[in-house]
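Following: one structure in structure tokens, then a few remarks.
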Amino acid sequence: MTATFAWQCGFLALIGLLAGFINVLAGGGSLLTLPTLIFLGLPAATANGTNRIAILSQNIFAASSFRRHGVLPLRLALLCTVPALAGSYFGANLAITIDEQLFQRLLAVIMIGVLVFNTLDPMKRWRCAELHLNRWRIAALLLCFFAIGVYGGFVQAGVGFLIISALLAQGLDLVRINAIKVFVVGIFTLVALAVFIQHQQVNFGLGLALAAGNSIGGTIATRMAINKGHDWIKNVVSLTILCFAIKLLLA
Numbered sequence: 001m002t003a004t005f006a007w008q009c010g011f012l013a014l015i016g017l018l019a020g021f022i023n024v025l026a027g028g029g030s031l032l033t034l035p036t037l038i039f040l041g042l043p044a045a046t047a048n049g050t051n052r053i054a055i056l057s058q059n060i061f062a063a064s065s066f067r068r069h070g071v072l073p074l075r076l077a078l079l080c081t082v083p084a085l086a087g088s089y090f091g092a093n094l095a096i097t098i099d100e101q102l103f104q105r106l107l108a109v110i111m112i113g114v115l116v117f118n119t120l121d122p123m124k125r126w127r128c129a130e131l132h133l134n135r136w137r138i139a140a141l142l143l144c145f146f147a148i149g150v151y152g153g154f155v156q157a158g159v160g161f162l163i164i165s166a167l168l169a170q171g172l173d174l175v176r177i178n179a180i181k182v183f184v185v186g187i188f189t190l191v192a193l194a195v196f197i198q199h200q201q202v203n204f205g206l207g208l209a210l211a212a213g214n215s216i217g218g219t220i221a222t223r224m225a226i227n228k229g230h231d232w233i234k235n236v237v238s239l240t241i242l243c244f245a246i247k248l249l250l251a
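Residue numbers (UniProt numbering): 1 to 251.
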């Protein structure tokens with residue numbers, strides 16, 4: 001192991017710790033890890049693929065913890081996962097280019113929308129834990145999560161905000177939303193990672209170092225989410241969204 005590789009791994013583990021914490025509670029951790037991997041010299045596509053190792057590891061640990069504590073609505077999580085899997089395959093195989101500045105501004109607008117919805121906190125006003133899933137709501141969820149899967153397979157960064165926005169409308173509290181989020185993202189990341197590996201766009205050494213940090217950060221965040229509950233997570237989500245939205249708009 002060279003000295004350069006050693007410090008890169010240590011640096012990535014620290015960045016991963018913060019990113020894993022942010023990812024589990026809100027989203028946007030990849031907005032930290034992707035630029036870091038590119039800064040360390042990886043091509044953009046390889047950085048994108050390498051980041052998926054950390055995302056997968058982080059969400060396996062987090063989903064297992066949420067499941068053990070009984071806060072993962074498994075039926076709803078599986079319903080959201082199936083279309084996301086299909087979408088992830090298409091997204092990871094996309095051979096198109098998008099205007100980066102347009103993408104950043106659209107993502108910022110979405111994040112601000114989630115911030116407004118989160119601040120209004122309709123879940124608390126409605127006094128309901130979960131809305132009844134009729135045919136139309138199921139169809140809407142399937143379409144939403146297919147689109148989320150496409151986006152997540154293609155980019156990943158910020159996908160947590162999209163999942164939060166899709167599930168807030170179901171009247172779920174943020175503890176269960178985060179449980180579903182890490183379950184869905186963990187599963188569809190398997191598909192995306194396989195595609196990147198097939199195209200030899202993964203650096204396993206740096207990816208495993210990042211994964212170590214992400215997993216620890218995600219585990220800490222899971223315990224805090226379960227112990228502190230909806231209102232605390234709402235404040236973390238709002239602060240995270242505000243910071244990343246401002247960063248994207250000013251980029």
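Using N, Cα and C, we set each Cβ at its ideal position, and we do this for glycine too.
Excluding its 5 nearest sequence neighbours in each direction, F145 has C-beta neighbours in its own chain below 6 Å: C80, P83 and A84, listed in chain order. Assigned with DSSP and collapsed to three states, L42 falls in coil, not helix or strand. At the C-beta level, A179 and L72 come within 8 Å of one another.
Counting C-beta pairs with one atom in each stretch, the stretch 45 to 65 and the stretch 206 to 221 have three or more that are closer than 8 Å, which means they touch.
The alpha-carbon of G41 is positioned some 43 Å away from that of I138. Per the coordinates, the alpha-carbon of G113 lies some 29 Å from the alpha-carbon of L190. Leaving aside the five residues that flank F90 on each side, the residues in its chain whose CB is nearer than 7 Å to its CB run, in chain order, V150 and G153.
Residues F146 and G149 of the same chain have their beta carbon placed closer than 8 Å to that of A86, with the five preceding and five following residues left out of the count.
G28 is a Cβ neighbour of F161, given a cutoff of 8 Å. Take the alpha-carbon of F61 and the one of T219: they are about 6 Å apart.
Look at N134 here: in three-state DSSP terms it is coil, with no helix or strand label. The C-beta distance from L206 to L12 rounds to 6 Å, short enough to fall under 8 Å. In this structure, A92 keeps its C-beta atom at 8 Å or more from the C-beta atom of V185.
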